[in-house]
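Visitor: Below: one structure in structure tokens.
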Amino acid sequence: MSLNYRAVGWNRQKRLYDTALVTGIVLYLAVFIAIGLTTHPEASAEVLMIRGFGSGAFVLLHVILAIGPACRLAPRLLPLLYNRRHMGVAMFSMALVHGALSMLMYHTQGDLNPIVSLFASNTHYDDLMRFPFQTLGFFALVILAFMAATSHDFWLANLSAPTWKALHMLVYVAYAALVMHVALGALQAESSPLLSGFVVVGFAGLAALHLFAGLRETGRRDRSLAAPRDGFVDVIALDELPIDGHGHVACLSGERVAIFRDGDEVFALSNACQHQNGPLGEGRLIGDCVTCPWHGYEYERTTGVSPAPFTESVPTFAVELRDGRVWIDAKPRPARDAHHGGEA
Amino acid sequence: MIRSGRRRHVVLWVLVTSLVGYGLASALSVRHPGVVPGELVVDRAELASWGTSVRRTTSRNTVSGDVWDADWRRLEDGNWGVVLTRRGIPRPDLLVYWRDIRAVSGDSMLEGAVLLGAMSADRQAAFTLPPGANVERGMLALYSLGHDEIVLHVEYPVEGSR
Chain A
0 MSLNYRAVGW NRQKRLYDTA LVTGIVLYLA VFIAIGLTTH PEASAEVLMI
50 RGFGSGAFVL LHVILAIGPA CRLAPRLLPL LYNRRHMGVA MFSMALVHGA
100 LSMLMYHTQG DLNPIVSLFA SNTHYDDLMR FPFQTLGFFA LVILAFMAAT
150 SHDFWLANLS APTWKALHML VYVAYAALVM HVALGALQAE SSPLLSGFVV
200 VGFAGLAALH LFAGLRETGR RDRSLAAPRD GFVDVIALDE LPIDGHGHVA
250 CLSGERVAIF RDGDEVFALS NACQHQNGPL GEGRLIGDCV TCPWHGYEYE
300 RTTGVSPAPF TESVPTFAVE LRDGRVWIDA KPRPARDAHH GGEA
Chain B
0 MIRSGRRRHV VLWVLVTSLV GYGLASALSV RHPGVVPGEL VVDRAELASW
50 GTSVRRTTSR NTVSGDVWDA DWRRLEDGNW GVVLTRRGIP RPDLLVYWRD
100 IRAVSGDSML EGAVLLGAMS ADRQAAFTLP PGANVERGML ALYSLGHDEI
150 VLHVEYPVEG SR
């Protein structure tokens, strides 16, 4: 959690995360090049680097896209999500090296501008077998560059989390372009079925993971509650709420609400963290604050306001206990203007 | 707002999954790990019946490690054709030239040579030699555009020389 914009707000977790990330990338490249030199001793250094960085970025993109649904299914993986944006920037950097080396090797030897050469050297857009797959990689790289450039909290705060997340869904377009870039490029000239098998398994696994997490999420969290009476909705029995600081998520007024219990007191806040719309209901009530499980953003349990000097705030809901059951006002109280008492 | 974002996420993911699944299956169905036709190359389906195989040779560059098999074929119109098959990893930028005279020194190798076509990253491709080409006098030159060098000469063996 940071107040001012800095290039990277380093802390111990981020250092550990990035150290593991860089170590993994270096190890992958070393193993890839070592195997490449062993199995293809005639391979040039440029080709091995192009393939190493390209395949590494492709694998890393699968990992990045798998983290979200995997965390929904197994919360113990949440530490992976904590610094996923650094993983995204690392993936983009690898893809950029792959693209730059490819351009250098295949499009800088002629009279044409390399970018013009990229689009003009192969125009068989109507032929799947000879499709200009490099242009697909180029477009994916442009999307990834946009995402890397806007990955900082500055853009997240100024665009608002919903807009930022909507823009960053372009990663799926980039992923589609990259799968076809590989399928119409490297796979076309590869006689071994191994590489095709990896790509198919990667795609199918990712699709299944998202589908499974989505189905489970919908069934568990978005069940309609009974129609409100006097504006309040009967949500759950008090005894069913966790007492260990964990929350409960219910769906009211078309949105999710995070509900926490502290003894006989119950608090309800919007389930969407202001930072990245993380699920507050899957976080913990620690002291007087609800803590987001994704990046540790905190909100005071009764006001929904982040403790000073931070300025984020989320809407809260009025709660009543009736006959041992928790009733919550379906109409949220607007998020407060942090530390000034008024509404935001 | 959050639920609408979630719905957008679902719609986008379904679209991407469907399109990529279809595209991936299509790409794999046209995959050509074997012979690939190019613009100056015979069609793959016709390759088996493309002329009559006369000699098969193997050429290698012991420095670069490039190894190529050549299947020299006499075509129905009396001209020559050759099916080149690479071993090992592909060189993505190879151009195939025919030179009518052998024993030309390095720099002038491509002077007067006839471009037959590109190998790109393909494993195998077939080329028709220029009409009237004498295979015992000329040779193929595999030229790397990226490295600006001839990576291999492929010659038809002169009778009695091997």
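Chains A and B, in that order, are what the protein sequence lines are. Everything in the first sequence is counted per numbering that gives the first Met the number 0, starting at 0 for the first residue and increasing by one. Everything in the second sequence is counted per numbering that gives the first Met the number 0, starting at 0 for the first residue and increasing by one. Where is the CB? At the ideal position from N, CA and C, for every residue including glycine. All figures in this text were calculated on a predicted structure; none of them were measured in a lab.
So that I know if they touch, is there some Cβ in chain B lying closer than 9 Å to that of A:Lys-164?
Guide: Closer than 9 Å: yes.
Visitor: Helix, strand or coil for A:Cys-291 per DSSP?
Guide: It is coil, neither helix nor strand.
Visitor: Taking all protein chains shown into account, decide if A:Ser-269 is buried (16 or more other Cβ within 10 angstroms of its Cβ) or exposed.
Guide: A:Ser-269 is buried by the Cβ-count criterion.
Visitor: Is the CB of A:Glu-254 under 9 Å away from at least one CB in chain B?
Guide: By this cut-off, A:Glu-254 is an interface position.
Visitor: Leaving aside the five residues before and after A:Ala-69 along the sequence, list all residues of the same chain whose C-beta is less than 6 Å from its C-beta, in chain order.
Guide: Cβ within range, chain order: Leu-76.
Visitor: Against chain A, does B:Ala-69 count as a neighbour if the rule is that its beta carbon must be under 9 Å from one of theirs?
Guide: With 9 Å as the cut-off, B:Ala-69 does not count as an interface residue toward chain A.
Visitor: Please list the segments of the beta strand (DSSP E) lying wholly inside the segment 174 to 259 of chain A, counting only runs of 3 or more residues, in order along the chain.
Guide: Complete beta strand (DSSP E) runs here, min 3: 231 to 236, 247 to 251.
Visitor: Give me the Cα-Cα distance between B:Thr-56 and A:Gly-109, rounded to the nearest whole angstrom.
Guide: The straight-line gap from Cα to Cα measures roughly 33 Å.
Visitor: For a contact defined as C-beta to C-beta under 7 Å, what are the partners of B:Ser-25 on chain A?
Guide: What B:Ser-25 touches in chain A: Leu-127.
Visitor: What residues in its chain sit with their C-beta under 7 Å from that of B:Leu-39, if we drop five residues either side in the sequence?
Guide: For B:Leu-39, the pLDDT reaches just 43, beneath the cut-off of 50, and the residue's location in the model is therefore unreliable, leaving the point undetermined.
Visitor: Where does B:Arg-6 land, buried or exposed, given buried means 16+ other C-beta within 10 angstroms?
Guide: Exposed is the call here.
Visitor: When you check each C-beta in the segment 193 to 208 of chain A against every C-beta of chain B, which residues fall closer than 8 Å?
Guide: From the segment 193 to 208 of chain A, only Ser-195, Val-198, Val-199, Phe-202, Ala-206 have a Cβ closer than 8 Å to chain B.
Visitor: Quick one: residues in its chain with C-beta nearer than 7 Å to the C-beta of A:Arg-84, no 5 flanking neighbours on either side, listed in chain order?
Guide: Within the same chain, A:Arg-84 has close Cβ partners Ser-150.
Visitor: Within the chosen definition, does the segment 182 to 189 of chain A reach the segment 139 to 146 of chain A through at least 3 CB pairs nearer than 8 Å?
Guide: With the cut-off at 8 Å, the segment 182 to 189 of chain A and the segment 139 to 146 of chain A do not touch.
Visitor: Determine the extent of the beta strand (DSSP E) in which A:Leu-127 is found, giving its start and end residues.
Guide: Careful: A:Leu-127 lies outside any beta strand (DSSP E) and carries neither H nor E.
Visitor: Under DSSP, the beta strand (DSSP E) around B:Ile-100 begins and ends at which residues?
Guide: Counting along the chain, B:Ile-100 falls outside any beta strand (DSSP E), and DSSP gives it neither H nor E.
Visitor: For B:Tyr-21, which three-state DSSP category applies?
Guide: The answer is helix: DSSP assigns B:Tyr-21 an H, G or I state.
Visitor: Under 6 Å Cβ to Cβ from A:Ile-114, same chain only, skipping five residues before and after it: list those, please.
Guide: Result list for A:Ile-114: empty, nothing under 6 Å.
Visitor: Applying a beta-carbon distance threshold of less than 8 Å, which residues of chain A neighbour B:Arg-7?
Guide: Those are Ala-165, Met-168, listed as they occur along chain A.
Visitor: Could you compute how far the alpha carbon of B:Ser-160 sits from the alpha carbon of B:Val-134?
Guide: With a pLDDT of 48 at B:Ser-160, under the threshold of 50, the modelled position of that residue is not reliable, and the figure given next carries that caveat. For B:Ser-160 and B:Val-134, the distance between alpha carbons rounds to 14 Å.
Visitor: Return helix, strand or coil for B:Trp-71, following the three-state DSSP convention.
Guide: In this structure, B:Trp-71 counts as strand in the three-state DSSP scheme.
Visitor: Looking only at its chain, what residues have a beta carbon closer than 6 Å to the beta carbon of A:Gly-101, apart from the 5 residues adjacent to it on each side?
Guide: Contrary to the premise, residue 101 of chain A reads as Ser rather than Gly in this sequence. Ile-49.
Visitor: Span of the beta strand (DSSP E) holding A:Ser-92?
Guide: Per DSSP, A:Ser-92 belongs to no beta strand (DSSP E); it is in the alpha helix (DSSP H), 83 to 105.
Visitor: Could you round the C-beta distance between B:Val-15 and A:Tyr-174 to whole angstroms and report it? I think they count as a contact, below 8 Å.
Guide: About 7 Å separates the two Cβ atoms, so the contact holds.
Visitor: Classify B:Asp-76 as buried or exposed, calling it buried when 16 or more other Cβ atoms lie within 10 Å of its own Cβ.
Guide: Counting Cβ neighbours within 10 Å, B:Asp-76 comes out exposed, since fewer than 16 surround it.
Visitor: Using a Cβ cut-off of 9 Å (strictly closer), state whether A:Asn-157 contacts chain B.
Guide: Not closer than 9 Å to any Cβ of chain B, the Cβ of A:Asn-157 fails to qualify, so no.
Visitor: Apart from the five residues on each side of it in sequence, which residues of its chain come closer than 8 Å, Cβ to Cβ, to A:Lys-164?
Guide: Cβ neighbours of A:Lys-164 beyond the five flanking positions: Gln-275, Asn-276.
Visitor: Consider the Cβ of B:Gly-131: report whether some Cβ of chain D lies at a distance smaller than 9 Å.
Guide: This model lacks chain D altogether; the protein chains it does include are A and B.
Visitor: Across which residues does DSSP place A:Pro-278 in a beta bridge pair?
Guide: For A:Pro-278, which the question treats as bridged, DSSP gives the partners A:Ala-271.
Visitor: Would A:Val-178 pass as an interface residue toward chain B - the criterion being a Cβ-Cβ separation below 9 Å?
Guide: Interface residue, yes.
Visitor: Does any residue of chain B have a CB that is nearer than 9 Å to the CB of A:Ala-329?
Guide: No, its Cβ sits nowhere closer than 9 Å to a Cβ of chain B.
Visitor: Which term fits A:Gln-12, buried or exposed, when burial requires 16 or more other beta carbons within 10 angstroms of its beta carbon?
Guide: With fewer than 16 Cβ atoms within 10 Å of its Cβ, A:Gln-12 is classed as exposed.
Visitor: Can you grab the Cα-Cα spacing for the pair B:Pro-36 / B:Trp-67, in whole Å?
Guide: With a pLDDT of 37 at B:Pro-36, under the threshold of 50, the modelled position of that residue is not reliable, and the figure given next carries that caveat. Their backbone Cα atoms lie some 18 Å apart in a straight line.
Visitor: For A:Pro-314 versus A:Ala-334, is the C-beta spacing smaller than 9 Å?
Guide: Yes, they are a contact pair.
Visitor: Using the Cα positions of A:Gly-213 and B:Val-9, report the straight-line distance between them to the nearest angstrom.
Guide: The alpha-carbon atoms of A:Gly-213 and B:Val-9 are separated by roughly 8 Å.
Visitor: Nearest-angstrom Cα distance between A:Met-93 and A:Leu-177?
Guide: If you take the alpha carbons of A:Met-93 and A:Leu-177, they lie about 13 Å apart.
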